[in-house]
Amino acid sequence: MHHRKRQRLLRRLQQRILMTAEDVRLAVSAAVSDALARCSGPAVTALSGGVDSCFIAAAAKLPAVAAGAVHSHDLDGARDAAEKLGLPLTVCEITEPEVEQALREVLPVIPEKSVLAAEIAATEYFICKTAASLGARYVFTGQGADELFGGYARYQPGPGLREELAHDLSLYPLQQKRDFAVASLFQVTFVQPFMDPRVVSAAQALTVEELVSETEKKTALRKAASAYLPDDLAYKPKKAMQYGSGVAKFIARLAKKANMKPQKYIEQF
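In this text, residue positions in the sequence shown follow my numbering: the first is 876, and each later residue adds one.
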């Protein structure tokens, strides 16, 4: 009896995830469609091969751009995803000296001067630079999905998850200031469909179990994305952009060459 009851509960949970995932899919689709309608110039999607950017890329059907070190996780992932989604892709293969130059340009304009902020800003610098070189004025991104749907490795299922997500979402405006400051260097604008109120509402209606399990992050989002993506893209494990692009490794190497700790190296700029 206990086994049958557990099976029934599992089936109900799976059915609910399917229903709520459809709500997420419709919200993201509407957010992307409306954002496209508001664009007054050419647009591209920043693609890394992860579920967040692939979801937006598949919904928007725009040309894609990607940045990273040669043979980096994100460049290889973006090439694979663009091929599977049938999207044209322009890549920027970055080098260590270029990362140092990027830091010189982004650190004076971003509000927070931490190593993490510098790593993300430098990665965004190359995305925006590549988009601008194509004449794009808008860059669609998958940012915000981790804070809404429980994507970070530190998120664990349990009663504290909602509070943690709410706290991280309250800090998101500071991240947006960083993102938009970097984009302004190239006269482009980031478009973040996941932050559309309809998507935020759909995410906040999910249960903890629909967000994060013991074995998977962003469960409902991945189920929603699977309507557009092959399973190997919808269920691909997350890798943060600063690591996937190789920028974090470049900055660590630059700091070591300067005989400094990474934070001190960042502060010199």
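Glycine included, each C-beta is placed from N, C-alpha and C at the ideal position.
Computed from a predicted structure; not experimentally measured.
Exercise. Between L1009 and P917, is the Cβ-Cβ spacing less than 9 Å?
Worked result: It is a contact, given that the beta carbons lie within the stated cut-off.
Exercise. Considering C967, what are the terminal residues of the beta strand (DSSP E) in which it resides?
Worked result: L964 to E968
For this session: Please report how far the alpha carbon of A912 lies from the alpha carbon of N1134, in whole angstroms.
Result: 50 Å
Problem set entry | Coarse secondary structure for G1025, derived from DSSP in three states | DSSP, read as helix, strand or coil, puts G1025 in coil.
For this session: Just the C-alpha distance for A1123 and E994, rounded to the nearest angstrom, thanks.
Result: The alpha-carbon separation between A1123 and E994 amounts to approximately 6 Å.
Exercise. Taking contact to mean at least 3 C-beta pairs separated by less than 8 Å, is the region 1015-1031 in contact with the region 1065-1075?
Worked result: yes
Exercise. Under a three-way DSSP split, which group does A921 fall into?
Worked result: strand
For this session: Please check the pair V974 and I1141, which I expect to be a contact at CB under 8 Å, by giving their CB distance rounded to whole angstroms.
Result: Actually they are not in contact, since the Cβ atoms of V974 and I1141 sit about 12 Å apart, beyond 8 Å.
Problem set entry | Cβ-Cβ distance between R1029 and E1039 below 9 Å | One thing to note: R1029 has its Cβ within 9 Å of the Cβ of E1039.
For this session: Could you tell me whether the region 1048-1066 touches the region 959-966, using the rule of 3 or more Cβ pairs below 8 Å?
Result: no
Exercise. Near A1058, what residues of its chain come up, given a Cβ to Cβ distance below 8 Å and the 5 sequence neighbours on each side ignored?
Worked result: E999, C1003, V1014, T1064 and F1065
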